[in-house]
Amino acid sequence: YHHDVAQTKTFWAVILTLIRAAEITLDWKTLLAHTRRLLSASFYDPLLNKASLWAQSGQTFFVGSGWLKILARLGSYKMYEFNRLAHFTGIEEYCHTHYFITRTGDTIVFLIADQDTAARAAEIAPVLIELFDARVIWIQPESFYRAPQSNTSGNSFEVVDLPVADESVQQFLDFVLAVQWVTYAIGRVDAVDINTFHAGYDTERLVAGTLQTIRKSAIRVPEIKSNSNE
Numbered sequence: 010y011h012h013d014v015a016q017t018k019t020f021w022a023v024i025l026t027l028i029r030a031a032e033i034t035l036d037w038k039t040l041l042a043h044t045r046r047l048l049s050a051s052f053y054d055p056l057l058n059k060a061s062l063w064a065q066s067g068q069t070f071f072v073g074s075g076w077l078k079i080l081a082r083l084g085s086y087k088m089y090e091f092n093r094l095a096h097f098t099g100i101e102e103y104c105h106t107h108y109f110i111t112r113t114g115d116t117i118v119f120l121i122a123d124q125d126t127a128a129r130a131a132e133i134a135p136v137l138i139e140l141f142d143a144r145v146i147w148i149q150p151e152s153f154y155r156a157p158q159s160n161t162s163g164n165s166f167e168v169v170d171l172p173v174a175d176e177s178v179q180q181f182l183d184f185v186l187a188v189q190w191v192t193y194a195i196g197r198v199d200a201v202d203i204n205t206f207h208a209g210y211d212t213e214r215l216v217a218g219t220l221q222t223i224r225k226s227a228i229r230v231p232e233i234k235s236n237s238n239e
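10 is the number of the first residue of the sequence shown in this note's numbering; add one for each residue after it.
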């Protein structure tokens, strides 16, 4: 989908710039292999198939600690593009703050990049499922330990396995694609038109307002004067 959305385009541009700069350090065979896998139907079909359930949630929480909090923020911002309520937080921060606004049937997206975070999330996820009937999306490298699912229904817990990455930059790219897929899968459900501003929700008023509330950039490209002596 393609549309102009003010609240995320600058943030996404920064991430994309960092990605493009980082790609030159990566092994291209690995990069292509990971990208093919994460853009394949076998990866995104399970997300699209369960999206209607996740879309029923009143709000979605993206939980990621350390550098993954950046992508938790991206996930919540992308949900705004589809007129959906979302939050971003760290895993411990969630337990002390956002937990108290969690409601029945909410979706919690755990971004897991290390074993300590996986173990901590494994303590939290079953509680959310039991007490709040939460829908948990658990995104992690496929080699990691994951939360026990013995007491959860198939619809309550979805594991999104990412390829194992030796390079931290490659791991970052994998998480970026996974987060984009999750937000797209949920956001497209019952959207008025995903190819327009704010997925077609209240478009005219929002566009009129954002043109007035967001300051125009004052950045100017310096004029390059030619040297007459050359």
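Virtual Cβ for every residue (Gly too), placed ideally from N, Cα, C. These numbers were taken from a predicted model, which means no experiment stands behind them.
Are the segment 207-223 and the segment 67-78 in contact at 8 Å, needing three or more beta carbon pairs?
-> no
Tell me whether P172 sits in a helix, a strand or coil according to DSSP, three-state version.
-> coil
Is I195 helix, strand or coil by DSSP?
-> helix
Beta-carbon spacing of I195, A64 below 7 Å | yes
In whole angstroms, what separates the C-alpha of E132 from that of L171?
-> 21 Å
Complete runs of the beta strand (DSSP E) confined to the segment 91-132 [at least 3 residues] = 95-98 and 116-120
Could you pull out every residue in the same chain whose Cβ sits closer than 7 Å to the Cβ of H107, ignoring the five residues on either side in sequence?
-> F70, H96 and T98
Where the alpha helix (DSSP H) containing V145 begins and where it ends = First-last for V145: R144 to P150, but that is the beta strand (DSSP E), not the alpha helix (DSSP H).
F119 and A128: beta carbons closer than 7 Å?
-> no
Between R112 and the rest of its own chain, which residues show a CB-CB distance below 8 Å, the 5 nearest in sequence each way excluded?
-> G67, Q68 and F141
Anyone know if the C-beta pair for L56 and W190 falls short of 7 Å?
-> yes
Return yes when the Cβ of Q180 is within less than 7 Å of the Cβ of A174, no when it is not.
-> yes
So what does DSSP say about G209, is it helix, strand or coil?
-> helix
Do K59 and E151 have their C-beta atoms closer together than 7 Å?
-> no
Could you give the C-beta distance for A22 and F91, rounded to a whole number, given that I count them as a contact under 8 Å?
-> No, A22 and F91 are not in contact; Cβ-Cβ is about 19 Å, not under 8 Å.
Residue range of the beta strand (DSSP E) that includes T69 | T69 to G73
Exposure label - Q149; buried when at least 16 CB within 10 Å = buried
Can you give the Cα-Cα distance for D115 and A30, rounded to whole angstroms?
-> 36 Å
Three-state secondary structure (DSSP) of F166 | strand
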